[in-house]
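A short write-up of the structure that comes next.
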Amino acid sequence: MPIGDTNAISDVCLLVEDIERTVAFYVEKLGFRLRRRAEGFADFHGEGVTLAAWEIDHINRHTGVSKLRSPRQAHKVCVAVRLDSPGEIDRLHGELSAKGVPFYGPPEDYVWNARCAYFTDPDDTLWELYAWLDGGPGDYHDEQP
Numbered sequence: 430m431p432i433g434d435t436n437a438i439s440d441v442c443l444l445v446e447d448i449e450r451t452v453a454f455y456v457e458k459l460g461f462r463l464r465r466r467a468e469g470f471a472d473f474h475g476e477g478v479t480l481a482a483w484e485i486d487h488i489n490r491h492t493g494v495s496k497l498r499s500p501r502q503a504h505k506v507c508v509a510v511r512l513d514s515p516g517e518i519d520r521l522h523g524e525l526s527a528k529g530v531p532f533y534g535p536p537e538d539y540v541w542n543a544r545c546a547y548f549t550d551p552d553d554t555l556w557e558l559y560a561w562l563d564g565g566p567g568d569y570h571d572e573q574p
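Counted the way the working numbering counts, the sequence shown spans residues 430 to 574.
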C-alpha cells in the first residue's frame, strides 16, 4: 500500500545547527507557540502539518542520518509520515525496500518512544516513517502550554 494513498504528511522537520537559536527565531520573531521541547528537538503548535526542528548533531548521534556530511551539506529538512503502529513501519520498510527505496537501515525504536525508519528520495530529501510506541510521546517530550 503506497504511503501517499493512505497517510498524510504529518510533520515537516527542519534539520538545524542550533536548536536554541531556531526556537528563539520561530517563537520570538514568527510568533509560533512551542508545543514540545526535548534535547536537540522542538515542535510548535499549528494547524494540520506539525512544524518541528531537530538539531543535526542530535539526529546524527541517534540515527546516523547525515553522519558523513558537514553541517553545510547535511540534510536540512525531513518530511515525516506518522503511521498507526510500529508494525506498519516494519511492513512498509519491507515493501519499499523491495522496490529499491534506499533506507539508512532497518526500523529501530528510539529514545523518543517511536519506531522509525529513514530513507531518501532521488534528490536526497530525507523522509521519516514513524509510529509512537505504547504511551505515545511520553515524558521524553515536555509538553508546553
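Just so you know, even glycine gets a beta-carbon here, dropped at the ideal spot from N, CA and C.
As the structure is a computational prediction, the values presented were derived from the model and not from experiment.
For residue 452, the enclosing alpha helix (DSSP H) covers residues 448-453. The bridge partners DSSP lists for residue 544 are 538, 560.
Non-local beta-carbon contacts of residue 505 in its own chain, meaning distances under 6 Å to residues more than five positions away in sequence, involve 444 in chain order. The bridge partners DSSP lists for residue 467 are 470. Taken through DSSP and simplified to helix, strand or coil, residue 526 comes out as helix.
Residue 512 has no beta-bridge partner at all, per DSSP.
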